[in-house]
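A.B. asks: I'd like to ask you about the structure that follows.
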Amino acid sequence: MQWLPEDWFPKFVVVDIDGTLTDGEKRLNTRALDALRRLEEAGIPVVLATGNVRAITYGLWRFLKLSGPICCENGG
Numbered sequence: 031m032q033w034l035p036e037d038w039f040p041k042f043v044v045v046d047i048d049g050t051l052t053d054g055e056k057r058l059n060t061r062a063l064d065a066l067r068r069l070e071e072a073g074i075p076v077v078l079a080t081g082n083v084r085a086i087t088y089g090l091w092r093f094l095k096l097s098g099p100i101c102c103e104n105g106g
């Protein structure tokens with residue numbers, strides 16, 4: 031993250047699933063997944079926030095081994 035000041039460190043990053051981590055055919059974007067992995071390795075929790083149902087969101091959260099919470103079912 032060279033474009034950020036050296037002493038700046040985010041507490042967490044929130045990311046959507048559909049259209050952000052996936053394309054129009056629901057295929058995962060490997061570059062996006064690599065970015066999430068690098069954030070987690072740097073100690074920055076990743077939060078999934080999506081309209082998807084809990085089963086989909088939780089499954090992806092477990093698959094990606096994310097440490098942040100999930101927000102799903104349109105905030106439900």
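Residue numbers (this note's numbering): 31 to 106. All residues carry an ideal CB built from backbone N, CA and C; glycine is no exception. As the structure is a prediction and not an experimental result, all values here were calculated from the model.
Taking the alpha helix (DSSP H) that A72 belongs to, which residues open and close that run?
C.D. replies: Element bounds for A72: n/a, residue is neither H nor E.
A.B. asks: Which residues in the same chain as G55 place their Cβ atom closer than 7 Å to its Cβ, once the five residues preceding and following it in sequence are excluded?
C.D. replies: The displayed chain sequence assigns Glu, not Gly, to residue 55. Answer for E55: no residue qualifies.
A.B. asks: Do you know offhand how far L78's Cα is from R57's?
C.D. replies: Each residue's Cα considered, the two are about 16 Å apart.
A.B. asks: Compare the beta carbon distance of V27 and V43 with 7 Å and say whether it is the shorter of the two.
C.D. replies: Since the first residue shown for the chain is 31 and the last is 106, residue 27 is missing from the structure and cannot be characterised.
A.B. asks: For T87 versus I74, is the C-beta spacing smaller than 7 Å?
C.D. replies: No, Cβ-Cβ distance for T87 and I74 is not below 7 Å.
A.B. asks: Pick from K41, G81, L51: whose alpha carbon is nearest that of L94?
C.D. replies: For the residues K41, G81, L51, the minimum Cα distance to L94 belongs to L51.
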